[in-house]
Ligand SMILES: Nc1nc2c(ncn2[C@@H]2O[C@H](COP(=O)(O)OP(=O)(O)OP(=O)(O)O)[C@@H](O)[C@H]2O)c(=O)[nH]1
Ligand SMILES: [Mg+2]
Ligand SMILES: [Zn+2]
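Numbering (the working numbering), first residue to last: 1 to 300.
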């Protein structure tokens, strides 16, 4: 029996695929072991996730099987998508097909803000719109986040994205069909993930990626591909706290009420900034949509 350490790069049906850190023991290159979690891990109430660094025992060298015995401490943890130890969220949207769902994009941003994870906004399918339309989308976020427009079809912007990844652990998140897997295929040609057509009828994605999976980035770093979804709840955020996760609002302090939600309150600095064009209107609209959703959820 050989003890080793490695990274969980995929998990399907109770099996975890662990890429070993050092493989001298096995005498091969980069090796992947199929492992189950030892009962004691489950007893501790830990569920293994893609991105976990683990200790394992290799029980069958020939068939590359093993048992995970310990999960090392996590830097951070997300439930949807279920990933851990991420440095950066690459929140991905498409210019069109599917049409941007800004309230949903914000939910990914909120998740990142809550865990203090860096954000890059990637606007894919730049080939499908004219320059003006693309710039309008970029403007929504470029006050706050770095925004990188790309096209997985023409490869426009892909080099810039590669530079931005720069050795980090980045997770591509976003709606189904926006092109996450298509982009990742270009960042690491060996990845060759399945990509899916967009439904002609609904212009929605078809949920091609079913499982989270980690790939090596060309210039160092790790890339997490995640399944897209078309909607999800936010979560544990309260009405009062939502505004905290819109960093550009925080620049405009001094509202009449300390706990101003920036909706109908008098003497609201955020709404003033909105009127003066200092806060993006679409971003404010999606803030309102998410606030409304939290309010409605509370009623039930
Ligand atoms: N025109 C155009 N089409 C693209 C581009 N990127 C991806 N597509 C197409 O969009 C469709 C969906 O792409 P995927 O990469 O499967 O999207 P995804 O975000 O991984 O979707 P899920 O795995 O379902 O979450 C495919 O038909 C791609 O060929 C692009 O930049 N331009
Ligand atoms: Mg995919
Ligand atoms: Zn206010």
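Think of the CB as a built atom: it goes at the ideal place given N, C-alpha and C, for glycine as much as any other residue.
Where the alpha helix (DSSP H) containing residue 165 begins and where it ends = Residue 165 -> alpha helix (DSSP H) spans 158-165.
Beta-carbon separation (whole angstroms), residue 255 vs residue 239, contact threshold 8 Å = With 8 Å as the limit, residue 255 and residue 239 do not qualify as a contact, their Cβ atoms being about 15 Å apart.
Is the beta carbon of residue 265 within less than 7 Å of some heavy atom of ligand 3?
-> Checking every heavy atom of ligand 3 against the Cβ of residue 265, one is found closer than 7 Å.
Is the beta carbon of residue 180 within less than 7 Å of some heavy atom of ligand 2?
-> Yes, the beta carbon of residue 180 sits closer than 7 Å to at least one heavy atom of ligand 2.
With DSSP as the reference, label residue 279 as helix, strand or coil.
-> In the structure shown, residue 279 falls within a coil segment according to DSSP collapsed to helix, strand and coil.
Check each candidate in 295, 286, 66, 41 and name the one with the smallest Cα separation from residue 312.
-> Since the first residue of the chain shown is 1 and the last is 300, residue 312 is not available in this structure.
Residue 92 beta carbon near ligand 2 (any heavy atom closer than 7 Å) = Not a single heavy atom of ligand 2 lies less than 7 Å from the C-beta of residue 92.
How would you label residue 37, buried or exposed, when you count the other beta carbons within 10 angstroms and need 16 or more for buried?
-> Burial call: buried.
For the alpha helix (DSSP H) holding residue 135, just list the boundary residues, first then last.
-> Looking at the DSSP string, the run of the alpha helix (DSSP H) that includes residue 135 is 131-141.
Beta strand (DSSP E) segment containing residue 124, residue limits | Start and end: 118-124.
Note down, in chain order, each residue of its chain lying with its Cβ closer than 7 Å to the Cβ of residue 71, except the 5 sequence neighbours on either side.
-> Excluding residues up to 5 positions away in sequence, 41, 46, 48, 52, 54 lie with their Cβ nearer than 7 Å to the Cβ of residue 71 in the same chain.
Contact belief for residue 91 with residue 173 at Cβ below 8 Å, rounded distance in angstroms = So it is a contact: roughly 6 Å between Cβ atoms.
If you follow the alpha helix (DSSP H) that residue 39 is part of, which residue opens it and which one closes it?
-> For residue 39, the enclosing alpha helix (DSSP H) starts and ends at 39-43.
Looking at the structure shown, is residue 175 part of a helix, part of a strand, or coil, going by DSSP?
-> Of the three classes helix, strand and coil, the one that applies to residue 175 here is coil, per DSSP.
Sequence ranges, beta strand (DSSP E) only - wholly within the region 58-93, length at least 3 = DSSP runs (the beta strand (DSSP E)) wholly in the region 58-93: 65-71.
If you follow the alpha helix (DSSP H) that residue 4 is part of, which residue opens it and which one closes it?
-> Counted as a single uninterrupted DSSP element, the stretch harbouring residue 4 is not any alpha helix (DSSP H) but the beta strand (DSSP E) occupying residues 2-12.
Coarse secondary structure for residue 145, derived from DSSP in three states | Note: residue 145 maps to coil in three-state DSSP.
By Cβ distance, which residues of its chain are closer than 7 Å to residue 128, with the 5 residues on each side in sequence left out?
-> These residues qualify, in order along the chain: 95, 96, 97.
The alpha helix (DSSP H) enclosing residue 225, as first and last residue numbers = Not the alpha helix (DSSP H): residue 225 falls in the beta strand (DSSP E), residues 222-225.
Could you check what DSSP says for residue 301 in three-state terms: helix, strand or coil?
-> Nothing about residue 301 can be reported from this structure: the residues present for the chain run from 1 to 300 only.
Roughly how many whole angstroms lie between the Cα atoms of residue 222 and residue 116?
-> Straight-line spacing of the CA atoms in residue 222 and residue 116 works out to 19 Å.
Hey, residue 297 and residue 241 are a contact pair by Cβ (cut 8 Å); roughly how many whole angstroms apart?
-> Actually they are not in contact, since the Cβ atoms of residue 297 and residue 241 sit about 14 Å apart, beyond 8 Å.
To the nearest whole angstrom, what separates the beta carbons of residue 291 and residue 261, a pair I think is in contact under 8 Å?
-> So it is a contact: roughly 7 Å between Cβ atoms.
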